[in-house]
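Visitor: One structure, pasted below without further comment.
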Amino acid sequence: MQFDSFIGNRKIIGRLRTKLVEGRFPQGLIFSGPEGVGKRTCALMIAKALNCENAQAADFCDACSSCRKIGSGMHCDVTTISVEEDATQIKIAQVRQLLRLLDLQPLEGRNKVFIIDPADLLNPEAANALLKGLEEPPENTFFILITVNVHELLLTVRSRCQVYNFTPLTLDEIRRHGISDELTIRWSQGSIGRARDLDMARLKSDREIVMDFLDTVITAREEQFQDLLGVSAEFGRSKQDFESRMAMLTVLMADVLYAKEGAPQKIVNIDIRERLQKLADRSSVDRLLRMGEFIRFIESSLKSNVNRQMLMDVLAITGNETTAAWLL
Ligand SMILES: [Zn+2]
Numbered sequence: 002m003q004f005d006s007f008i009g010n011r012k013i014i015g016r017l018r019t020k021l022v023e024g025r026f027p028q029g030l031i032f033s034g035p036e037g038v039g040k041r042t043c044a045l046m047i048a049k050a051l052n053c054e055n056a057q058a059a060d061f062c063d064a065c066s067s068c069r070k071i072g073s074g075m076h077c078d079v080t081t082i083s084v085e086e087d088a089t090q091i092k093i094a095q096v097r098q099l100l101r102l103l104d105l106q107p108l109e110g111r112n113k114v115f116i117i118d119p120a121d122l123l124n125p126e127a128a129n130a131l132l133k134g135l136e137e138p139p140e141n142t143f144f145i146l147i148t149v150n151v152h153e154l155l156l157t158v159r160s161r162c163q164v165y166n167f168t169p170l171t172l173d174e175i176r177r178h179g180i181s182d183e184l185t186i187r188w189s190q191g192s193i194g195r196a197r198d199l200d201m202a203r204l205k206s207d208r209e210i211v212m213d214f215l216d217t218v219i220t221a222r223e224e225q226f227q228d229l230l231g232v233s234a235e236f237g238r239s240k241q242d243f244e245s246r247m248a249m250l251t252v253l254m255a256d257v258l259y260a261k262e263g264a265p266q267k268i269v270n271i272d273i274r275e276r277l278q279k280l281a282d283r284s285s286v287d288r289l290l291r292m293g294e295f296i297r298f299i300e301s302s303l304k305s306n307v308n309r310q311m312l313m314d315v316l317a318i319t320g321n322e323t324t325a326a327w328l329l
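For our numbering, count along the sequence shown from 1 and bump the result up by 1.
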């Protein structure tokens, strides 16, 4: 796998390769962007290009012993620092260990590369210690910090690095990664990592519960009030699944709106398109937008100690044409 085989975010690859050719490669880099879009893969590619034995202009062979060692995490000069098992943050001791390596010459390659992943989990002391390394890195030393959100990093750290913002992949780019199931592709949200990890059977069974809720909320008549509270109770019962079900509800609501607006190509859940269309036909844009607003409110209040069941009941009642009228 060489730079040409990297799928998505081609502009970033282009800019990095230009820098490699120019020979003044930045010693501090931040790769920021959603999970599973290739930030870590790209960092390893840079490490390979900086150490490949068959040095090519701004590329690597991926076959020499250096490239292979980097690929398998066995190269002495390419170190990844991440959260240790049983810990929740990167500790200062790990960074101190790294700093001790700074004064040493590369052991087997031309350049030392330190990959910090995820850099947003550096605890504050560790981040401050890392600054020392970033301020005046010895020649032949490069830092690549990987994070989901660059704004989570200390300003002082950010100001010493060049930031590259990775974006989600397009549907087509996910397909080019060899994913063929259309529903998986659409649920990947532009993340190849997510596409590979998705458990579609589980997703579909969860989705059934969420669809039951949405179906009933949109279509229940006055005499079906008990059904309405029933699906709401079922939804509210989910404990650790609650947030993921809310996220799923958001996607399904967006699908109903796309069906309503005549933009079916944007629908994620294409396997239940007809069911979504029926809901779109039964609901008004106004009601759907109101539900969407309330879902955002629920999501934003999840961190505080809210009564989820009560919020779901309110969502169900405001989402239903008949019961919503009671509230006025
Ligand atoms: Zn090589």
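Backbone N, C-alpha and C define an ideal beta-carbon position, used for all residues, glycine too.
Can at least three beta-carbon pairs, one atom from the stretch 10-25 and one from the stretch 73-85, be found at a separation below 8 Å?
Guide: The stretch 10-25 is not in contact with the stretch 73-85.
Visitor: Just verifying my parser: in three-state terms, what is the DSSP assignment at V38?
Guide: The answer is coil: DSSP assigns V38 none of H, G, I, E or B.
Visitor: Flag A64 as yes when its Cβ comes closer than 7 Å to any non-hydrogen atom of ligand 1, and as no otherwise.
Guide: Within the cutoff, so yes.
Visitor: L30 lies in the alpha helix (DSSP H); which residues open and close that run?
Guide: Note, L30: premise wrong, no alpha helix (DSSP H); beta strand (DSSP E) at 29-33.
Visitor: Any idea if M201 is buried or exposed, counting beta-carbon neighbours within 10 angstroms, 16 or more meaning buried?
Guide: Answer is exposed; the Cβ neighbour count stays below 16.
Visitor: So F295 and L280 are in contact, right, with Cβ under 8 Å, and what is the actual spacing, rounded?
Guide: So it is not a contact: roughly 17 Å between Cβ atoms.
Visitor: Please report the straight-line C-alpha distance between I47 and V79, rounded to a whole angstrom.
Guide: Distance between the alpha carbons of I47 and V79 is about 11 Å.
Visitor: By DSSP, does L146 sit in helix, in strand, or in coil?
Guide: Looking at L146 - three-state DSSP - the assignment turns out to be strand.
Visitor: What's the gap between the Cα of Q266 and the Cα of A130?
Guide: Their Cα atoms are separated by approximately 49 Å.
Visitor: What does the Cβ neighbour count give for N10, buried or exposed, with the cut at 16 atoms within 10 Å?
Guide: Label assigned to N10: buried.
Visitor: With DSSP as the reference, label I91 as helix, strand or coil.
Guide: Note: I91 maps to strand in three-state DSSP.
Visitor: Beta carbon of E244, beta carbon of V149: below 8 Å?
Guide: Against a cut-off of 8 Å, the Cβ pair of V149 and E244 comes out as no contact.
Visitor: Would DSSP call N129 helix, strand or coil?
Guide: Note: N129 maps to helix in three-state DSSP.
Visitor: Would you say the beta carbon of C68 is closer than 7 Å to some non-hydrogen atom of ligand 1?
Guide: Under cutoff, so the answer is yes.
Visitor: Please identify the residue among W327, A127, C43 whose C-alpha is closest to the C-alpha of T89.
Guide: That would be A127, whose Cα lies nearest to the Cα of T89.
Visitor: Under a Cβ-count criterion, where at least 16 other Cβ atoms within 10 Å of its own Cβ denotes burial, should V307 be classed as buried or exposed?
Guide: By the neighbour-count rule (16 or more Cβ atoms within 10 Å), V307 is not buried but exposed.
Visitor: How about L253 and L215: do their beta carbons lie closer than 8 Å?
Guide: Yes.
Visitor: For E23 and Q57, I'd like the C-alpha separation in whole angstroms.
Guide: If I take the Cα positions, the gap works out to 13 Å.
Visitor: Quick one: grab the DSSP three-state call for I318.
Guide: Helix, per DSSP.
Visitor: Shortest alpha-carbon distance to A248 belongs to which of V286, E224, W188, L229?
Guide: Taking only the C-alpha atoms, the option nearest A248 is W188.
Visitor: Is any heavy atom in ligand 1 found nearer than 7 Å to the beta carbon of F4?
Guide: Result no, Cβ not under 7 Å from ligand 1.
Visitor: Return the residue from the list E322, C43, S284 that minimises the CA-CA distance to I8.
Guide: It is C43 whose Cα lies nearest to the Cα of I8.
Visitor: Below 8 Å on the Cβ atoms is my contact criterion, and I expect I93 with V84 to pass it. Report the Cβ-Cβ distance as a whole number of Å.
Guide: Between V84 and I93 the Cβ distance is about 13 Å, and since that is not below 8 Å, they are no contact.
Visitor: If distances are taken between C-alpha atoms only, which option among V269, R111, T323 comes closest to A221?
Guide: Closest by alpha carbon: T323.
Visitor: Do you know offhand how far L122's Cα is from R208's?
Guide: Near 32 Å, if we compare the C-alpha coordinates of R208 and L122.
Visitor: Leaving out the 5 sequence neighbours to the left and right, which residues in its chain are closer than 6 Å to L258 when beta-carbon positions are compared?
Guide: Correct list, in chain order: L289.
Visitor: So, with DSSP's three-state summary, where would you put Q163?
Guide: DSSP places Q163 in strand when its eight states are reduced to three.
Visitor: Which residue marks the beginning of the alpha helix (DSSP H) containing V22, and which one marks its end?
Guide: 11-23 is the span of the alpha helix (DSSP H), which, as asked, contains V22.
Visitor: Does S160 pass the burial test, meaning 16 or more other C-beta atoms within 10 Å, or should it be called exposed?
Guide: It is exposed - the Cβ of S160 has fewer than 16 other Cβ atoms within 10 Å.
Visitor: Distance, Cα to Cα, A59 vs A50?
Guide: Near 6 Å, if we compare the C-alpha coordinates of A50 and A59.
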